[in-house]
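K.L.:
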Amino acid sequence: MPELPEVEVVRRGLERWVTGRRVGAVEVLHPRAVRRHLAGGPDFAARLHGIRLGTAMRRGKYLWVPLDDMTFSLLGHLGMSGQLLVQPQDAPDEKHLRIRIVFDDALGTELRFVDQRTFGGLSLHENTPEGLPDTIAHIARDPLDPAFDDAVFHAALRLRRTTVKRALLDQTLISGVGNIYADESLWRSRLHYERPTATLTRPATTLLLGHVRDVMNEALAQGGTSFDSLYVNVNGESGYFDRSLDAYGQEGEPCHRCGTPIRRRPWMNRSSYYCPHCQRPPRAQPVP
DNA sequence: AGTTGAGCCTGTTCGC
DNA sequence: TGCGAACAGGCTCAAC
Numbered sequence: 001m002p003e004l005p006e007v008e009v010v011r012r013g014l015e016r017w018v019t020g021r022r023v024g025a026v027e028v029l030h031p032r033a034v035r036r037h038l039a040g041g042p043d044f045a046a047r048l049h050g051i052r053l054g055t056a057m058r059r060g061k062y063l064w065v066p067l068d069d070m071t072f073s074l075l076g077h078l079g080m081s082g083q084l085l086v087q088p089q090d091a092p093d094e095k096h097l098r099i100r101i102v103f104d105d106a107l108g109t110e111l112r113f114v115d116q117r118t119f120g121g122l123s124l125h126e127n128t129p130e131g132l133p134d135t136i137a138h139i140a141r142d143p144l145d146p147a148f149d150d151a152v153f154h155a156a157l158r159l160r161r162t163t164v165k166r167a168l169l170d171q172t173l174i175s176g177v178g179n180i181y182a183d184e185s186l187w188r189s190r191l192h193y194e195r196p197t198a199t200l201t202r203p204a205t206t207l208l209l210g211h212v213r214d215v216m217n218e219a220l221a222q223g224g225t226s227f228d229s230l231y232v233n234v235n236g237e238s239g240y241f242d243r244s245l246d247a248y249g250q251e252g253e254p255c256h257r258c259g260t261p262i263r264r265r266p267w268m269n270r271s272s273y274y275c276p277h278c279q280r281p282p283r284a285q286p287v288p
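Counting in the UniProt record's numbering, the first sequence runs from 1 upward without gaps.
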């Protein structure tokens, strides 16, 4: 599952391998992969044909490539299992190849969107005046964005009547934090996932954001080295997760701080992993 | 109007 | 052995 650091690696790969190239034929092999392009697959392919690609951008887990005059962008999301690959044109099709973008040049490579579960996809959108595809204008900046405002984030947490993990996954508050990094940063912060955000102090928020950034930067440092191969690297297996996880997927394993077995609890149709000793559940708070 | 939780999708793993 | 259930989860949106 590509997390923000992996998506950043893909962005760098796109920057390296497709910037400035002019699109030739576009082949949509699965309609679901362009479902966010409301005008449909044929329109997607026709509009893209002949367009020159700009420099790839990223916010959270969204990627986009501005087109020619910057009024439109090619937007992508990898979902759970998506990959963007730059492949030799004669390489055999991947089993789950969904979209093929051929270039009108002599470099001999093409861009492929491969996605087993088709949670991800590509689409074309008008840009906002800020240069952001309009459909993601509501997505908050991610914590690695220099313009992310910690004070504004904290103020929003205080106003919300929700829990801290839910807030970490709320794209309108902060983007790019998935289930894995949420559990990891909460473990590092010794915060229980059901802690009401309204009870977080400013130092607690600062600590939490620091750990979110640490986890992401550590993964980026480990996964960010392979992007200058021919492949735009995105297999979702950075190797980071197997070696470095403290909480996520560690049910029954001793907590790396105190030795108490890590617990797994069903949460929002998925799981939350936490240390029952280090991350104490919040006391019931009277609602004012 | 803010908050909640179901649902999308398919390959893999697990238990009966 | 075979089959169905559970699971993985980023994001949206209907419903409360």
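Cβ coordinates follow ideal geometry from the N, Cα and C atoms, glycine included.
Can you tell which of His125, Cys278, Thr135, Pro92 has its C-alpha closest to the C-alpha of methionine 70?
P.N.:
When each option's Cα is compared against that of methionine 70, the closest is His125.
K.L.:
Excluding sequence positions up to five away, which residues of its chain have a Cβ less than 6 Å from the Cβ of valine 215?
P.N.:
Correct list, in chain order: Tyr181, Glu184, Ser185.
K.L.:
Can you tell me the Cα-Cα spacing of tryptophan 17 and isoleucine 51, whole angstroms?
P.N.:
Taking the straight line from one Cα to the other gives about 16 Å.
K.L.:
Since alanine 33 contacts phenylalanine 113 with CB under 8 Å, what's their CB separation in whole angstroms?
P.N.:
Yes, alanine 33 and phenylalanine 113 are in contact; Cβ-Cβ is about 6 Å, under 8 Å.
K.L.:
Name the two residues that bound the continuous alpha helix (DSSP H) containing valine 164.
P.N.:
Start and end: 164–168.
K.L.:
Taking 8 Å as the threshold, find out whether the segment 151–166 comes into contact with the segment 82–99 through three or more Cβ pairs.
P.N.:
With a cut-off of 8 Å, the segment 82–99 and the segment 151–166 do not count as touching, because too few Cβ pairs lie within range.
K.L.:
Using 9 Å as the threshold, is the C-beta distance between valine 26 and leucine 48 below it?
P.N.:
Cβ distance < 9 Å, so valine 26 and leucine 48 count as in contact.
K.L.:
So, for glutamate 249: in the same chain, excluding its five sequence neighbours on each side, which residues have a beta-carbon less than 7 Å away from its beta-carbon?
P.N.:
Note on residue identity: the sequence assigns glycine, not glutamate, to residue 249. Within the same chain, glycine 249 has close Cβ partners Tyr273.
K.L.:
By DSSP's criteria, proline 282 is part of a beta bridge. Which residues make up the other side?
P.N.:
DSSP output for proline 282 lists no bridge partner at all.
K.L.:
Tell me glycine 82's beta-bridge partners as DSSP assigns them.
P.N.:
Partner(s): Asp115.
K.L.:
Starting from the C-beta of leucine 29, find all residues in its chain whose C-beta is less than 8 Å away, skip the five residues before and the five after it, and write them out in chain order.
P.N.:
Around leucine 29: Leu97, Arg98, Ile99, Arg100.
K.L.:
Helix, strand or coil for alanine 137? Go by DSSP, reduced to three states.
P.N.:
Reduced to three states, the DSSP call for alanine 137 is coil.
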